[in-house]
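What follows is a short report on a single structure.
Protein chains in written order, with our numbering: chain A, 1 to 359; chain B, 360 to 599.
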């Protein structure tokens, strides 16, 4: 579906992306993950034919974006980080306008607009002026304009930015619902969000894809294993004995390397929490083992800290960590330490005053 | 062509929905009315002279309105980010420019049409030909089209509407003042500069009701030149 080969984009002497190569299959939902300034938006704008690459090739369904941009544009729906909305139009008017602009025939416009409105659940706002809508609804209308002409490829640049938690869940469901019929590329700088939505993640760092795979694959690759947060209700008997029993049970699994006791994540009698370190994804094995032994599993999930570590590890720029820390340390030291006294010849009362003030 | 019409319709609706369009029309009509009263109804003049004065007076508000209407056309799209919708749609830059041009020209034509009651008063109470009125209005529309094209070109250069308005006004003022420069130069340069001036020589024949095709060609050429320049600016910025 999408083939990107040795793509480069320079702004003057500054390399925004490159070398960037990737392949995305039809119907996939792919997440482009990276820190701010990693090159996500530049890559997506090239894909959407909004920006000309400096070199390299990008093909959408075999069509080159540089040679036949209009053919590619007809196949793509693009939502930039700020939805491009005409605030003086109603939702329905705006979507009809965009649909017609993207080549939908006048007979099909009404149906396509209704489909997009239904999918993005903005039916109640259909005749509202866009300027009067909330941020969340504007984002939905932004997605509706990207899919109204039923493109094969939908490109969404940070669709969840600025949304509240409820809207994030709704947006995640919406993006997931686009998969299959459309190929979807979503960018984000939050691994947890993108992993919930996407089939595959491409990690971009300094304009280059540095890793690709599902969240579990990335985690296994980077951390050489997996961390699971587990909360259980212990069986009766002394608390310490029950804890020891759980740890013994877990150590029976060959994939588990360690199980550390944590502060219980919820209140209650006989409740205990663990962080389980394993060489692979053993969530199902752990759950089965504990249930077989009659231990109540209250919660079992991948560690949030693990996601943070994976992202930090993948996004880390070479030499960034210690260098930055040392510079920060030096700067702090400089602020705290007094300036060394300057020898100005024989001292008098006036000359000493500023040094004292500085201290 | 469909995209041009779509864009023209959208822009025209945007003008009519916002106070901008109505304010510009109201302001221009007020100035036209005051000038007509002052020149046409307070002095004893021949009907044809009053009509000439009306066209002369209406040309100023027409040019100002054209710049005010056109300065937002592309700059606002850049400012709000909606240019992305146009840039990522399978439409040509010329369709974008023409759509916006026809919208602004349409509103300007509406403004011009609303001044018709003044020549009608002269026609009923005095002695002027319909041909004179028609040629005068053609001149106003051609002058307006050229001014809209200049404003649209200025709007394509920047994301600030104010800067676009200033740039458009400066270009238009320079083209108006060419006749002053022409007066200060020797032949044959003065004739050339005078022929380039957007108002003085070129508009006079329309004012007096004489249709000269070279004057029509001049306004069409200015319009074409600035629209082409706007298209080239969009092309250079859209896909790079």
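Quick reminder that beta carbons are idealized off the backbone N, C-alpha and C, glycines included.
As for any beta strand (DSSP E) of minimum length 3 sitting wholly inside the stretch 440-487 of chain B, there is none.
Secondary-structure assignment with DSSP links residue 157 of chain A through a beta bridge to A:187. Here the alpha carbons of residue 407 of chain B and residue 483 of chain B stand approximately 13 Å from one another. Per the C-alpha coordinates, the member of A:226, A:123, A:49 positioned closest to residue 64 of chain A is A:49. Look at residue 302 of chain A here: in three-state DSSP terms it is strand.
Under the Cβ distance rule, residue 449 of chain B counts among the residues neighbouring chain A, one pair being separated by less than 8 Å. Inter-residue distance for residue 371 of chain B and residue 380 of chain B is about 9 Å (C-alpha atoms, whole angstroms).
Using a Cβ-Cβ cut-off of 8 Å, residue 467 of chain B does not count as an interface residue toward chain A, since no Cβ of chain A sits closer than that to its own.
The alpha carbon of residue 35 of chain A has as its nearest neighbour, out of A:302, A:204, A:226, A:250, the alpha carbon of A:204.
By the CB criterion at 8 Å, residue 31 of chain A and residue 188 of chain A fall inside the cutoff.
Taking 8 Å as the cut-off, the beta carbon of residue 208 of chain A is found no closer than this to the beta carbon of residue 79 of chain A.
Across the set A:235, A:28, A:47, A:211, the C-alpha of A:211 shows the shortest separation from the C-alpha of residue 312 of chain A. Beta-bridge partners assigned by DSSP to residue 401 of chain B: none are found. Leaving aside the five residues that flank residue 508 of chain B on each side, the residues in its chain whose CB is nearer than 6 Å to its CB run, in chain order, 582, 585, 586. When the Cα atoms are used, residue 310 of chain A and residue 15 of chain A turn out to be separated by approximately 25 Å. Assignment of residue 587 of chain B by DSSP, reduced to helix, strand and coil, places it in the helix class.
If you compare the alpha carbons of A:202, A:39, A:102 with that of residue 361 of chain B, the shortest gap goes to A:102. The shortest C-alpha to C-alpha distance from residue 433 of chain B to any of B:575, B:520, B:404 is the one to B:520. Under the 8 Å criterion on CB atoms, residue 446 of chain B is classed as interfacial with respect to chain A. Taking the beta carbon of residue 137 of chain A as reference, no residue of chain B falls within 8 Å; the closest one sits roughly 17 Å away.
For residue 127 of chain A, no CB of chain B lies under 8 Å from its own CB, so it is not counted at the interface with that chain.
Remark: C-beta atoms of residue 142 of chain A and residue 85 of chain A approach each other more closely than 8 Å. In the three-state scheme derived from DSSP, where H, G and I count as helix and E and B as strand, residue 9 of chain A is classed as strand. Residue 30 of chain A is bridged by DSSP to A:185, A:200. In terms of Cβ geometry, residue 182 of chain A and residue 159 of chain A do not form a close pair [threshold 8 Å]. Close partners of residue 84 of chain A in chain B (Cβ separation under 8 Å): 439, 440, 441, 442, 443, 444.
Taking 8 Å as the cut-off between beta carbons, none of the residues of the stretch 413-424 of chain B comes near chain A. The shortest C-alpha to C-alpha distance from residue 556 of chain B to any of B:594, B:419, B:536, B:388 is the one to B:536. The way I'd put it, the stretch 479-497 of chain B doesn't touch the stretch 456-465 of chain B; fewer than three beta-carbon pairs between them come closer than 8 Å. With at least 16 other beta carbons inside 10 angstroms of its own, residue 172 of chain A counts as buried.
Residue pairing for residue 78 of chain A: DSSP places it in a beta bridge opposite A:155.
A direct Cα-to-Cα measurement between residue 100 of chain A and residue 367 of chain B gives close to 13 Å. In the DSSP annotation of this structure, the continuous segment of the beta strand (DSSP E) that includes residue 23 of chain A starts and ends at 14-24. For residue 377 of chain B, the chain A residues whose C-beta falls within less than 7 Å of its own C-beta are 88, listed in chain order. Taking residue 303 of chain A as the centre and dropping the five residues before and after it, the same chain places the C-beta of 227, 228, 229, 275 closer than 7 Å to its C-beta, in chain order. Taking 7 Å as the upper bound on Cβ-Cβ separation, chain A lies near no residue of the stretch 517-537 of chain B.
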